[in-house]
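These protein sequence lines map, in sequence, to chains A and B. Position in the first sequence counted from 1, then plus 703, gives you this note's numbering. Position in the second sequence counted from 1, then plus 601, gives you this note's numbering. The beta-carbon is built from N, C-alpha and C at its ideal position, and this holds for glycine as well. Let me begin by presenting the structure, written as structure tokens, before commenting on it.
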Amino acid sequence: MNRVESPAGRARLDLLDPMEVARLGGLELVAEGVVEGFLAGLHRSPRRGFSVEFAEHRMYQPGDDLRYVDWKILGRNDRLYVKQYEEETNLRAVVVADVSRSMAWTGDPELRLPKLAYAQRLIAALTLVLQRQRDATGLIAFDDAVRATLPPRARLTHWRRLLETLGALEAGQGTAAEPALRRVIDQLRRRGLVVFVSDLLFDRELALKALRFLHHRGHQVIVLHVMDPGEVALQGPAEARFEDPETRAAVVLRPKDWAGAYRETVEGVIAAWRLACRRHGIAYHAVRTDTPFGTVLRHVAASRPA
Amino acid sequence: MIGFLHPWLLAGLVAAGIPVVLHLLERQQPPTIVFPAVRYLIAATEAHQRRLKLQNWLLLLLRTLLIALLVFAAAGPTARFGGVSGHAPSALVLILDNSASSGAVVNGTPRLAALQAAARQVLHRATPDDALWLITADRTPRRGDPTALGAMVDGVTPSPRRLDLGQALATAGEVLAPETRPGEIVVATDLQATAVTPADPRVPVLVVRPGEPPPRNVGIADIATGTQPWSFDGGRVVVSLTGDSGPPVPVTVRLGDRPGRQALGLAGGSATVALTGAPGGWWPITAELDPDELKADDRRVGAVRIAPVARARWDAAERYVAAAADVLEANRRLARGDEVTVGKLGAGISIVEPPEDPAELGAVNRALERRAVGWTYGALVTGSETTDSGPGLARQRVLKRYVLEPAASGRTGVVARVNRSPWIVRGAGVVVLGSRLDPAWTDLPVSAGFMPFMDFLLNRVARGEVAVIEAAPGDETPLPDRVTEVRRSADRWVVEGGAAFRPAEPGLYFLLSGSDTVGALAVNVDPRESRLAPLPDEQVRKLWRARVTGPDEAAGEVFAAGARGDLRGPILWAGLLIGLAEMGLASAWRRET
């Protein structure tokens, strides 16, 4: 295993291969290791990150992220200012996790975590980051129905309870995302953060409708599209019968013959999700299960409302 | 219509099903893989599914077609179509009619030369892939390549034999029957009507015949010497002529080397020549015409035996025998004496009839055994039977007869048979009759043939002579039992009595039994060869379903029977194109997907 170390000389678990990280221990240990590395890599206050509240302006300095330049002031005064955000200590966030049967799949059990296992560890790390910011985090797990609900709380003990709930989740049956997303409304009475973690193998329009609704309610919505690399590049024997574990729908084909068309289709699906989300002010990230957790956390941290 | 050189290879068409079988086998129970993103697969394949199915079926079709074409090509397909310069590998039998009539000279050239030229042209069109046979007047099929058969054709000379074209076609048909290549028979012949007999060789027949009409011809059909033996006073020879009618022609007949005597005769008629007496013995008789365009039939040979008549003793109580003997005596064909005893076993030469009283049969048999005749009387057979015709005896009804049983030494000396069973036999100077010469036993005594039969029996059979046998060159001729040697001038053939003899050349052959000359074999050209008139082309076409052409057109017509082109080349090219198309399409589509 290649070791990636922090400036202090400790291993950066957030940048390691997820499979390797998962072998180190349980959800809590992994989450703490990943978050520690992640925060060490930010080089700024852990109290700045996912907040949506504007704090103040300051003069632009070389190296500042151009995304935070206030272009209106530049237009009026011809001066470069950047916007600074103040974290909000009472942010309420809900992670909506897909635990349908399709999430239990991995293209290579030796090398990659199943999508659900990957999502569990990612959610653990993500909620730990939020907990460190003293944000309240909740959890809704669903397959073809809502399987677990944990209302947002900011206490550390709550996070541990969230981990217990998360760890107890097993892949269920089919997928029905809309009821789970509507359940969020009950949990987030005021504006908050909704992180939707799923392989998105369901009706896009129905789910988008619910996501849009959340966005319109003022929530910041982030979609993490979890995919196994085996779902991105089609592989298999000369000819095989591919069967959907949820719907039992099947198709017989030669992977070699269809690899190209399949890749184009998957890229089209990702592009369609990305475009639809962007249109409705929803952050979208395609996440492969071989992507280090820290990379995903950074993407999430970089997400801003449109 | 497409034909095949190796039709059995078409069984390989089963192999054309291999791609389909492989396709079906491959489709059987592919492994199942759990795959959550099946919806993406379905979406990916939906658009291409119909096209892919079409592509798969097209590839399957191309592969099946490719195998079918290869099998088809291996089977050697041929087809008839116009503008073909070559021909498919064929099996061809060339019948070159070099029968006696082919020696007829037309415009200073033997007719055979024109037929040979036509045959050479036919062989010139042949290729090493063709199976070729040559049949000439001997009707023996000889196989060879075009060069070898060309040399044979060059060496062919007019044969004294007759060639029955119907039989030759049948032989050719048998030769071609096992052949898988397209068969054809080419008959180069003068097409004389007497040689054309029905045939159904079941392959195309091309008849090549000379365009010029045959020459006028007269030949000798037969020499009749009358009753033999001749007395020392001589006898009369009737020479029958055959051929085209015209003015009388001179016929010269000579006895041995003696000066000939001439008479005039017409074709279809005869000329009679009286020959003066000569010393006793066998004498050759030669009849000759002045040479004409066909020399093979201008000379004919025969033989005559000159000897004193038999001196016999007979029982006057035997009504029919006595009456016949009296007549023969009156006509100087028989004299009274002790040389031959008629009716019972005498001291010398005897003609023995079975006894009227069956009780005496045992005594007769014992007497025959004592004389070592080699034959005894067996069971009595009653019922109407008929004699087998033979020299000196026409077919006669037999009502009652004793079975003649041979001794252990063998069953030689059979003179006449009834239902293939010996009826008159001879051994140790004794002639044994199976029936009494009485109307209660046989119709012979009351028939017109009885007098010549008695003459034949007394003057020739009893004395151990056999008839003069007529044969044509090449004919298989059964020899009498007694004959042990055949002699012609200085040539000698040791033969086994009863076996067949096949004289190759015309001429007179003497038959010997030990040192005694017992008969003669006159071998002459078949008189049907003298009639040179050809059968009209139209009749030949109908009879053999043949095409008839002249020598100059033969080269263009042969193999056109077949005019069949070899389809292997085009089919292999088509297969190659299909193979390339399959490879190109398969790789292009693979890149696409």
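field: Per-residue burial, A:Val954 [other beta carbons within 10 Å of its own, 16 or more giving buried]
entry: With 16 or more Cβ atoms within 10 Å of its Cβ, A:Val954 is classed as buried.
- prompt: Just how far apart, CA to CA, sit A:Val785 and A:Gln764?
  reply: Between A:Val785 and A:Gln764, the C-alpha separation is close to 9 Å.
- request: Since I believe B:Ala822 is in contact with B:Ser1131 (beta carbons under 8 Å), could you give me their beta-carbon distance rounded to a whole number of angstroms?
  value: Contact flag correct, Cβ pair sits at about 7 Å.
message: Would you say the beta carbon of A:Lys959 is closer than 7 Å to some non-hydrogen atom of the ligand ZN?
response: This structure lacks the ligand ZN; in fact it carries no ligand of any kind.
- request: Can you check the segment 791 to 866 of chain B for any beta strand (DSSP E) of at least 3 residues that lies completely inside it and give the ranges in chain order?
  value: At a cut-off of 3 residues, the continuous stretches assigned as beta strand (DSSP E) that sit fully inside the segment 791 to 866 of chain B are 806 to 809, 819 to 825, 835 to 844, 850 to 856, 862 to 866.
field: Interfacial residues, the segment 623 to 655 of chain B to chain A, with Cβ spacing under 7 Å
entry: If the cut-off is 7 Å between Cβ atoms, the segment 623 to 655 of chain B has Glu627, Pro631, Pro632, Thr633, Ile634, Val635, Phe636, Pro637, Ala638, Val639, Arg640, Tyr641, Leu642, Ile643, Ala644, Ala645, Thr646, His649 near chain A.
field: Complete beta strand (DSSP E) runs within the segment 768 to 836 of chain A (minimum length 3 residues, chain order)
entry: With a minimum length of 3 residues, the continuous beta strand (DSSP E) runs that stay inside the segment 768 to 836 of chain A are 784 to 789, 795 to 801.
- request: From the DSSP output, read off the bridge partner residues of B:Trp734.
  value: B:Val694, B:Arg744, per the DSSP bridge assignment.
task: Check whether the Cβ atoms of A:Asp931 and A:Thr840 sit closer than 8 Å, and answer yes or no.
output: Taking C-beta atoms as the reference points, A:Asp931 and A:Thr840 fail to come closer than 8 Å.
- prompt: Can you check whether the CB of A:Ala943 is closer than 8 Å to the CB of B:Ile634?
  reply: In this structure, the beta-carbon distance from B:Ile634 to A:Ala943 falls below 8 Å.
message: Does B:Gly751 pass the burial test, meaning 16 or more other C-beta atoms within 10 Å, or should it be called exposed?
response: Classification of B:Gly751: buried, given that the 10 Å Cβ count is 16 or more.
- prompt: Which residues in the same chain have their Cβ closer than 6 Å to the Cβ of A:Thr792, if we skip the five residues on either side of it in sequence?
  reply: Interpretation of A:Thr792 is limited by its pLDDT of 48, a score under 50 that renders its predicted location unreliable; the figure taken from the coordinates is listed afterwards. Close CB contacts of A:Thr792 within its chain, under the 6 Å cut and outside five residues either way in sequence, are with Arg837 (chain order).
- prompt: Would you call A:Arg747 buried or exposed, if buried means 16 or more other Cβ atoms sit within 10 Å of its Cβ?
  reply: Legend: pLDDT at A:Arg747 = 49, less than 50; position of this residue unreliable, value from coordinates given subsequently. Classification of A:Arg747: exposed, given that the 10 Å Cβ count is below 16.
task: Whole angstroms is fine: what's the gap from B:Ala995's alpha carbon to B:Val804's?
output: C-alpha separation (whole angstroms): 42 Å.
- prompt: By the criterion of Cβ-Cβ separation under 9 Å, what are the contact partners of B:Arg1191 in chain A?
  reply: Within chain A, the residues near B:Arg1191 are Lys959, Asp960.
Distance between beta carbons of B:Ala872 and B:Leu842, contact taken as under 8 Å: Correct: roughly 7 Å between the Cβ atoms.
- request: Would you kindly work out how many angstroms separate the C-alpha atoms of B:Val694 and B:Phe1051, rounded to a whole number?
  value: Here the alpha carbon of B:Val694 sits roughly 51 Å from the alpha carbon of B:Phe1051.
- prompt: Buried or exposed: A:Lys818, going by 16 or more other Cβ atoms within 10 Å of its Cβ?
  reply: Per the 10 Å Cβ criterion, buried.
message: Rounded to whole angstroms, what is the Cα-Cα separation between B:Asp1127 and B:Arg763?
response: Approximately 6 Å, taken between the alpha carbons.
message: Using beta carbons (cut-off 8 Å, strictly below), is A:Tyr821 in contact with chain B?
response: At least 8 Å separates the CB of A:Tyr821 from every CB of chain B.
message: I want to see whether chain B comes within less than 8 Å of A:Arg977, judged by CB atoms only; does it?
response: Residue contact check for A:Arg977 against chain B: no CB pair falls below 8 Å.
- request: Please name the residue in B:Pro631, B:Val1015, B:Arg744 whose C-alpha comes closest to that of B:Trp976.
  value: Out of B:Pro631, B:Val1015, B:Arg744, B:Val1015 has the C-alpha closest to the C-alpha of B:Trp976.
field: Cβ contact (3+ pairs, closer than 8 Å) linking the segment 942 to 961 of chain B and the segment 1027 to 1035 of chain B
entry: The segment 942 to 961 of chain B makes contact with the segment 1027 to 1035 of chain B: 3 or more CB pairs, one atom from each, lie closer than 8 Å.
task: With distances taken Cα to Cα, identify the nearest neighbour of A:Asp811 among A:Ala871, A:Glu934, A:Glu739.
output: The residue from A:Ala871, A:Glu934, A:Glu739 with its alpha-carbon nearest to that of A:Asp811 is A:Glu934.
task: For A:Tyr987, go through chain B and note every residue whose CB falls closer than 9 Å to its CB, in chain order.
output: Chain-order list of chain B residues neighbouring A:Tyr987: empty, with the shortest C-beta distance near 17 Å, by a criterion of under 9 Å.
- prompt: Which one or two residues does DSSP pair with B:Gly704 in a beta bridge?
  reply: For B:Gly704, no pairing in a beta bridge is given by DSSP.
task: Specify the secondary structure class of B:His688 as computed by DSSP and reduced to three states.
output: Coil, per DSSP.
- prompt: B:Thr679 and B:Leu1173: beta carbons closer than 8 Å?
  reply: Not in contact: B:Thr679 and B:Leu1173 (Cβ atoms no closer than 8 Å).
field: Span separating the alpha-carbon of A:Leu719 from that of A:Thr998
entry: For A:Leu719 and A:Thr998, the distance between alpha carbons rounds to 10 Å.
field: Neighbour list for A:Leu833 in chain B, Cβ cutoff strictly below 9 Å
entry: Per Cβ cutoff of 9 Å: no residues; A:Leu833 is ~29 Å from chain B at best.
- prompt: Around the C-beta of A:Ala871, are 16 or more other C-beta atoms found within 10 angstroms, so that it is buried, or is it exposed?
  reply: The Cβ neighbour count for A:Ala871, taken over all protein chains shown within 10 Å, is under 16; the residue is labelled exposed.
query: Among B:Tyr978, B:Gln656, B:Leu697, which has the Cα closest to the Cα of B:Leu713?
result: With distances taken between Cα atoms, B:Leu713 lies closest to B:Leu697.
- request: Mark B:Phe636 as exposed unless 16 or more other C-beta atoms lie within 10 angstroms of its C-beta, in which case mark it buried.
  value: Buried, because 16 or more other Cβ atoms sit within 10 Å of the Cβ of B:Phe636.
task: Give the single residue among B:Gln630, B:Ala1187, B:Gly844, B:Asp1082 whose Cα lies nearest to the Cα of B:Ala1100.
output: The shortest CA-to-CA distance from B:Ala1100 to any of B:Gln630, B:Ala1187, B:Gly844, B:Asp1082 is the one to B:Asp1082.
- prompt: In this structure, what does DSSP give as the bridge partners for B:Val754?
  reply: B:Val754 is not bridged to any residue.
message: List, in chain order, every chain B residue whose beta-carbon is nearer than 7 Å to that of A:Pro948.
response: In chain order: Val635, Pro637.
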